[in-house]
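Engineer: Starting off with a structure, shown below.
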Amino acid sequence: MSRAMSSTSFSSTASPLMSAQELQSAIRNGEGVEKRDLRGAVLTGLDLSGGQFDRVDLRGAQLGGADLTECDFMNCQFEQADLRGARLAKTTWHDCNLSHARFEGADANGASMLNCDLRSAQLQSSCFSNATLLRCKLDDARLAGLRADVLCVTECSAHRCDFSEALLEKTVFMEVDFAGALWRAASLKNVVFAKAKLTGNVFAGLAMPMCQFVESNLAESDFSGATIEHCMFKGAQLQGALLRGVQARFALFAEANLDGADLSGGFFEQTLWPRASLRTANVRGARLAYANFQAACCEGADFRDTDLRFADFSYADLRDASFSHAGFDHTRLHRSAQDGATWTSRRGVIEHDEPLLHAELWSR
1 MSRAMSSTSF SSTASPLMSA QELQSAIRNG EGVEKRDLRG AVLTGLDLSG GQFDRVDLRG
61 AQLGGADLTE CDFMNCQFEQ ADLRGARLAK TTWHDCNLSH ARFEGADANG ASMLNCDLRS
121 AQLQSSCFSN ATLLRCKLDD ARLAGLRADV LCVTECSAHR CDFSEALLEK TVFMEVDFAG
181 ALWRAASLKN VVFAKAKLTG NVFAGLAMPM CQFVESNLAE SDFSGATIEH CMFKGAQLQG
241 ALLRGVQARF ALFAEANLDG ADLSGGFFEQ TLWPRASLRT ANVRGARLAY ANFQAACCEG
301 ADFRDTDLRF ADFSYADLRD ASFSHAGFDH TRLHRSAQDG ATWTSRRGVI EHDEPLLHAE
361 LWSR
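When the letters of the sequence shown are read in order and numbered with UniProt numbering, they come out as residues 1 to 364.
Here's what the structure looks like:
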């Protein structure tokens, strides 16, 4: 510790002056730090690991490069505090105010935050692997370049949150509101968005393999040109979404609502769409070989110029859909509703699937 650091002291409304050395000594002796006023305290680079802080005011404190490993913070104030490059591994934060705090380059792996205010916090290039955030406010926070593997974020608000160039893998966002969030150049792999609000979010051009959007609201979102292979959109709301030119092989859209969505030119081979809704969707020029649309509603959808070889539309609603110049080969239309549908040719279409007929008779 430098001499300048060892001579640092600060006042408190509840306790007499306490030097940095006394603070460190108290922490080493297992003494809790309670109701201290440390506003603007210079604690840069200090080893405060294992400290227990309760109702401590650290607004504007300088903690850059400090070691806060395994510290416990309860009802503490950190507004505009500087924690750049701090070691925050395995820290716990309960009911803390961290708004406008600076965490750039901080190591928060294994951290746990409950009911904390992180609005407008600066977390660029920080690490949050194996971390947990529950019922926190992340509105307007900057997480550009954030690195996280196995991060769990639950019941949080992330309005206008900036995830640009973030590297997220095996991360779970449960019931998070991402209104206005930014994902420019982010890398998302095996990320789960469960019951998330992602209306209007832009994922265009991103690589997002094996991501899940279970029962999430993605209405008017933009996935144009994105790689979403093996992604799951079960029960997702995708009304009016843009999926033009996506790479979506093996993706699952079971029970998803894609009414009015634009899927034109997308690569959707071997995808699953059972009981999905694609009313008036634009699927023109898409590649859908081996796709399964059983019991899907495709009323008024535009399938012109699509590749539908070995696709299965059994029990689907195809009323008023357009299949002009579509390519068929062993394409199943078993018991599908086709009133008003238009075709250039039906060559390669299987109207009645014998195995399905036998199965239906057997099940009666």
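Just so you know, even glycine gets a beta-carbon here, dropped at the ideal spot from N, CA and C.
Keep in mind that this is a model prediction, so the values were computed, not measured.
What's the gap between the Cα of residue 154 and the Cα of residue 174?
Structural biologist: Sequence index remark: in the sequence shown, residue 154 carries index 154 (1-based). Sequence index remark: in the sequence shown, residue 174 carries index 174 (1-based). When rounded, the distance between both Cα atoms is 5 Å.
Engineer: Using DSSP bridges, identify the partner residues of residue 420.
Structural biologist: Any answer about residue 420 is impossible in this case: the structure gives the chain only from 1 up to 364.
Engineer: Is it right to say residue 345 is buried, meaning 16 or more other beta carbons lie within 10 angstroms of its own, or is it exposed?
Structural biologist: In the sequence shown, the residue the question calls residue 345 occupies position 345. Classification of residue 345: exposed, given that the 10 Å Cβ count is below 16.
Engineer: Hey, could you find the ends of the alpha helix (DSSP H) residue 220 is sitting in?
Structural biologist: Your numbering for residue 220 matches position 220 in the sequence shown. In the DSSP assignment, residue 220 falls outside any alpha helix (DSSP H) and carries neither an H nor an E.
Engineer: Beta-carbon within less than 6 Å of residue 194's beta-carbon, same chain only, minus the 5 sequence neighbours each way: which residues are those?
Structural biologist: Mapped onto the sequence shown, residue 194 falls at position 194. Same-chain partners within the cutoff: 174 and 214.
Engineer: For residue 275, which three-state DSSP category applies?
Structural biologist: The residue given as residue 275 occupies position 275 in the sequence shown. If DSSP states are grouped into helix, strand and coil, residue 275 belongs with coil.
Engineer: Is it the case that the Cβ atoms of residue 223 and residue 203 are separated by a distance below 7 Å?
Structural biologist: The residue given as residue 223 occupies position 223 in the sequence shown. The residue given as residue 203 occupies position 203 in the sequence shown. Taking 7 Å as the Cβ cut-off, residue 223 and residue 203 qualify as a contacting pair.
Engineer: Would you check if the distance between the CB atom of residue 301 and the CB atom of residue 283 is smaller than 7 Å?
Structural biologist: In the sequence shown, residue 301 corresponds to position 301, counting from 1. In the sequence shown, residue 283 corresponds to position 283, counting from 1. Yes, the pair counts as a contact, with Cβ atoms nearer than the cut-off.
Engineer: Mapping DSSP to helix, strand and coil, what is residue 288?
Structural biologist: Residue 288 sits at position 288 when you count from the first residue of the sequence shown. Coil at residue 288, not helix or strand.
Engineer: Quick check: the Cα distance between residue 126 and residue 102, rounded to an integer number of angstroms?
Structural biologist: In the sequence shown, residue 126 corresponds to position 126, counting from 1. In the sequence shown, residue 102 corresponds to position 102, counting from 1. Those two C-alpha atoms are separated by around 10 Å.
Engineer: Secondary structure at residue 47, three-state DSSP: helix, strand or coil?
Structural biologist: For this step, residue 47 is matched to residue 47 along the sequence shown. Three-state DSSP puts residue 47 in a strand.
Engineer: Give the straight-line distance between the Cα atoms of residue 48 and residue 118, rounded to the nearest whole angstrom.
Structural biologist: To locate residue 48, count along the sequence shown from 1; it is residue 48. To locate residue 118, count along the sequence shown from 1; it is residue 118. Going by the C-alpha atoms only, they are around 22 Å apart.
Engineer: Below 7 Å CB to CB, which residues in the same chain sit around residue 65 once its five sequence neighbours on both sides are set aside?
Structural biologist: Here residue 65 is taken as the residue at index 65 of the sequence shown, counted from 1. Contacts found: 44, 45, 85 and 86.
Engineer: Could you pull out every residue in the same chain whose Cβ sits closer than 8 Å to the Cβ of residue 96, ignoring the five residues on either side in sequence?
Structural biologist: The residue labelled residue 96 in the question sits at position 96 within the sequence shown. The residues are 73, 74, 75, 76, 77, 78, 113, 116 and 117.
Engineer: CB residue 289 to CB residue 303, shorter than 7 Å?
Structural biologist: Your numbering for residue 289 matches position 289 in the sequence shown. Your numbering for residue 303 matches position 303 in the sequence shown. Result no, Cβ atoms of residue 289 and residue 303 do not sit closer than 7 Å.
Engineer: Applying the criterion that 16 or more other CB atoms from any shown protein chain within 10 Å of the CB defines a buried residue, is residue 82 buried or exposed?
Structural biologist: As a first step, residue 82 must be located in the sequence shown, where it is residue number 82. The residue in question, residue 82, is buried, as its Cβ has 16 or more Cβ neighbours within 10 Å.
Engineer: What three-state label does DSSP hand residue 28 in the structure shown?
Structural biologist: Within the sequence shown, numbered from 1, the residue matching residue 28 stands at position 28. It is helical.
Engineer: Residue range of the beta strand (DSSP E) that residue 93 falls in?
Structural biologist: Counting from 1 along the sequence shown, the entry for residue 93 is found at position 93. 92 to 94 is the span of the beta strand (DSSP E), which, as asked, contains residue 93.
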